[in-house]
Amino acid sequence: MAKKTFLTDVRTLRKRAREHIQQGAVTKGYKAKRETVLKLLNEALATEIVCVLRYKRHYFMASGIHAQSVAAEFLQHANEEQGHADEIAQRIVQLRGAPNLSPEGMLSRSHSEYVEGENLLGMIKEDLVAERVAIDSYREMIEYVGTNDPTTRRMLEGILATEEEHAEDLSTLLAELDK
Ligand SMILES: [Fe+2]
Ligand SMILES: [Fe+2]
Numbered sequence: 007m008a009k010k011t012f013l014t015d016v017r018t019l020r021k022r023a024r025e026h027i028q029q030g031a032v033t034k035g036y037k038a039k040r041e042t043v044l045k046l047l048n049e050a051l052a053t054e055i056v057c058v059l060r061y062k063r064h065y066f067m068a069s070g071i072h073a074q075s076v077a078a079e080f081l082q083h084a085n086e087e088q089g090h091a092d093e094i095a096q097r098i099v100q101l102r103g104a105p106n107l108s109p110e111g112m113l114s115r116s117h118s119e120y121v122e123g124e125n126l127l128g129m130i131k132e133d134l135v136a137e138r139v140a141i142d143s144y145r146e147m148i149e150y151v152g153t154n155d156p157t158t159r160r161m162l163e164g165i166l167a168t169e170e171e172h173a174e175d176l177s178t179l180l181a182e183l184d185k
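Heads up: the sequence shown begins at 7 in my numbering, then just goes up one per residue.
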């Protein structure tokens with residue numbers, strides 16, 4: 007009796023690849039629910055953009071004796087959130103979707119909030135809250151995607167790791183300012 011193999015044979019793979027060429031990177035073997043993944047990614051995109059805007063506001067408004075080092079941190083985070091937004095938008099296009107960058111409704115699509123904060127300490131606290139929201143929502147997205155879309159999952163895992171670093175940076179700043 008022939009051994010049963012779990013791999014699809016080459017001829018079937020080649021045939022499938024030719025069938026829906028206009029779908030680019032999305033093949034028949036794509037297991038996730040594309041519409042749902044696109045919706046989640048567009049929410050993550052809005053979250054990242056809102057975070058960019060909040061960090062930029064904090065960067066320009068930082069004042070006081072500790073302002074310089076904290077502002078530098080805000081700017082670095084703003085740039086990294088922009089990087090996340092770009093990665094996510096790129097992946098949305100790869101999945102045959104369209105990145106929703108419309109300012110209208112951006113805040114309601116976003117998981118994180120845009121809070122200006124009254125002073126340096128208030129800004130750091132708000133940013134830490136937003137990072138913690140992002141951490142939970144990325145973790146949930148990763149769980150949802152599971153093994154159905156490894157590329158999206160890998161991207162989300164990379165972003166999650168950076169959000170955790172951001173949260174750690176902010177709680178270190180908080181502890182230092184509290185001294
Ligand atoms: Fe981010
Ligand atoms: Fe972050």
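By construction, the Cβ of each residue, glycine as well, lies at the ideal position given by its N, Cα and C atoms.
Just to confirm my understanding: we take residue i, look at its own chain, exclude 5 residues before and 5 after, and list those with CB closer than 6 Å. What are they?
i, result
"A167", "none"
"R115", "E49 and A52"
"N154", "K37 and A38"
"L176", "I130, D133 and L134"
"L81", "Y65"
Given 6 Å as the limit, tell me if residue i has its C-beta closer than that to any heavy atom belonging to ligand 2.
i, result
"E124", "no"
Tell me which same chain residues have a C-beta within less than 8 Å of the C-beta of residue i, skipping the five on either side of it?
i, result
"E169", "E137, A140, I141 and Y144"
"I98", "L44, L47, N48, L51, A104 and P105"
When you compare the CB positions of residue i and residue j, do they come within less than 7 Å of one another, or not?
i, j, result
"E54", "A91", "yes"
"I94", "A50", "yes"
"L101", "R20", "no"
"L126", "A68", "yes"
"A77", "K62", "no"
"V151", "T158", "yes"
"Q88", "V58", "yes"
Looking at residue i and ligand 1, is the gap between the Cβ and the nearest heavy atom below 6 Å?
i, result
"E146", "no"
"E54", "yes"
"H117", "no"
"H64", "no"
"H26", "no"
"H90", "yes"
From what residue to what residue does the alpha helix (DSSP H) around residue i run?
i, result
"L127", "L126 to V151"
"R22", "V16 to E25"
"A52", "R40 to M67"
"L176", "P156 to D184"
"L81", "A73 to Q100"
"S114", "M112 to R115"
Ordered along the chain, which non-local residues of its own chain (more than five positions away) have a Cβ less than 7 Å from that of residue i?
i, result
"E86", "T168"
"L113", "V56 and Y120"
"M7", "Its pLDDT being 49, under 50, M7 is placed unreliably in this model, and the value from its coordinates should be taken loosely. Within the same chain, M7 has no close Cβ partners at all."
"A173", "L134, E137, R138 and I141"
"E79", "D175 and L179"
"H72", "L126 and L183"
Closer than 7 Å to ligand 4: residues, by C-beta to nearest heavy atom, in chain order: Ligands in the displayed structure: ligand 1 and ligand 2; ligand 4 is not one of them.
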